[in-house]
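Mind the numbering: the sequence shown is residues 1 to 180 in full-length UniProt numbering, read in order.
Each residue gets a CB set at the ideal place from its N, CA and C atoms; glycine is no exception.
A quick write-up on the structure given underneath.
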Amino acid sequence: TTTPAAAVTTPAAAVTTTTPAAAVTTTTPAAAVTTTTSTIFAVVASTDPPSSSEGILKVQFSLNQTFNSDLSNTSSSAFKNLAAKVQSDVNKVFAGTPGFRHCIVNLFRNGSGSVVTDMTLVYDKQSSVPSSSSAQTILANSSTSLNILPGSISVVSGSAPRPTAFTLAALALLMVQLLG
């Protein structure tokens, strides 16, 4: 038996052999053999802030679910779990949009019985950013598991943060102190 990936299991002896994604050849005497092959892909969404060369859209919408105060704490498991779900769904929605890179959940807040989501859509460059109305239409007409309240989507164009003169001066001072 030649198997292109991961696990070969022989139930009689309960032996499992795991190898990297390379060809595996198993020779077994005349006995019942079950071969299971599985490949697991992990997709990790970037949460890196946008660089100064990237374009962004600021997005806000309300989820039809009860706000929990743990959602205000970006370190809580409640925040991390909901942020991962929102990012996964929104990344899928915009995946076909030219230049789209990823989205970032900035915060959740209480919205009179709902969860208001503030997020950023990141594009490869400013010229790739669609109009606010186009992005709003894409999100409003998409099928997600998020249960977004109708009419709650707001999109505003923006730009990635640029270093200020103060930031550059502070960085220069830090470099002088470190080298001096």
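When the Cα of S134 is compared with those of A78, T74, N81 and V93, which residue comes out closest?
V93
Test: T137 CB closer than 7 angstroms to a CB of chain D
Included in the structure is just one protein chain, with no chain D present.
Counting beta carbon pairs with one atom in the region 140 to 151 and one in the region 123 to 132, are three or more of them shorter than 8 angstroms?
no
Could you give the distance in angstroms between the alpha-carbon of Q60 and the alpha-carbon of V115?
10 angstroms
Go ahead and pull the three-state DSSP assignment for D124.
coil
Do L82 and L121 have their C-beta atoms closer together than 7 angstroms?
no
With distances taken Cα to Cα, identify the nearest neighbour of L146 among V156, F100, R101 and A84.
A84
Any idea if T27 is buried or exposed, counting beta-carbon neighbours within 10 angstroms, 16 or more meaning buried?
Legend: pLDDT at T27 = 44, less than 50; position of this residue unreliable, value from coordinates given subsequently. Exposed, since its Cβ has fewer than 16 Cβ neighbours within 10 Å.
What separation, rounded to the nearest whole angstrom, lies between the Cα atoms of G99 and K125?
7 angstroms
Taking the continuous alpha helix (DSSP H) assigned at F79, which residues delimit it?
S77 to F94
Three-state secondary structure (DSSP) at S51?
coil
Classify G113: buried if its beta carbon has 16 or more other beta carbons within 10 angstroms, exposed otherwise.
exposed
CB of S76 within 7 angstroms of CB of D70, strictly
yes
Rounded separation between T137 and S154 - CA only
10 angstroms
Do D118 and N106 have their C-beta atoms within less than 7 angstroms of each other?
yes
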